[in-house]
Amino acid sequence: MSTGKITPKNILHFNKKQQKKINLENILEKASTDTISDAMKNLYGTDGLIIGLKPIEPSFKIVGKIRTAETNSYDWGTCIKAIYTSQEDEILFIKCSDTDYAVWGEMASKAAQTHGLQATVVYGTTRDTNDIIKLNYPVFSKDIKSRAGLPSNEGTINERLIIDNMPIINGDILVGDRDGVVIIPQEKLEEVLEEVTNIKKFESECLKRVEENNENLDSILGIE
């Protein structure tokens, strides 16, 4: 029973919304990048989509916390170093200067898998596609090219990234499937998932009315 005693801890947490503990693994059972993107657009006016990123194998689906790295496309050494700053089950998110050279391939994927990473997402170029697929290690990228640069290790790790005016930091939530990659700011996760639930209920009702009542979708949606 609470004694009502005022303590520094009570003051610190006074009037703060308590965060629910969310099982990230369950998100893919309830949501897709499509519904998450729609939810973010409804709530914040921005969809969270990183344009151009797709899985190298369409069946790959991922969700997890991000670990950031940034480098020139000719430097794949930074990507290797970033593997070992990452924690188990994190997703390594690498921003490259361009898509001229591949910064990620089979050896990096095997090292990341052995270290316990869940996946790697490269805003740039990858290679060794067939070998990575055989490993069953999820990789997403913008492009695929055979050539690679050198392990110069001149990039940065654990720094804030900016892509299309969207800030991305360690701990943000990344969701990826065959339709693309969406980033959810970590502090907005609960609100976004609540909106996803609302969207799915609405879509389910629309589909039911089309199928069972033979209603026109434009009428249901109010499209004039």
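Position one of the sequence shown corresponds to residue 0 (numbering that gives the first Met the number 0), numbered consecutively onward. C-beta atoms are modelled at their ideal positions from N, C-alpha and C, and glycine is treated no differently.
Check residue i in the structure and name its three-state DSSP category.
i	result
S58	coil
T124	strand
G76	helix
L27	helix
I156	strand
E105	helix
E189	helix
R208	helix
I90	strand
K64	strand
Just to check my reading of the structure: residue i and residue j have Cβ atoms closer than 8 Å, yes? What is that Cβ distance to the nearest angstrom?
i	j	result
Y73	G148	3 Å
A81	I156	5 Å
G123	K109	Contact doesn't hold; Cβ gap of about 19 Å is too wide.
A107	C78	6 Å
E69	G175	With 8 Å as the limit, E69 and G175 do not qualify as a contact, their Cβ atoms being about 19 Å apart.
E202	L42	The Cβ separation is near 17 Å, so there is no contact.
G76	S151	5 Å
Comparing C-alpha positions only, which one of the options sits nearest to residue i?
i	options	result
T32	V209, N25, Y43 and G47	G47
L173	T128, I35 and K29	I35
T119	E204, N129 and G63	G63
P166	P184, V180 and E69	P184
K29	K200, L220 and S218	K200
Quick one, are the C-beta atoms of residue i and residue j less than 9 Å apart?
i	j	result
I65	I168	yes
F139	I61	yes
T67	F92	yes
D163	I49	yes
R177	K40	no
Around the Cβ of residue i, are there at least 16 other Cβ atoms within 10 angstroms (buried) or fewer (exposed)?
i	result
V209	exposed
I222	exposed
D97	exposed
Under 9 Å, Cβ to Cβ, is there at least one residue of chain D near residue i?
i	result
V121	The structure shown contains no chain D, having only a single protein chain.
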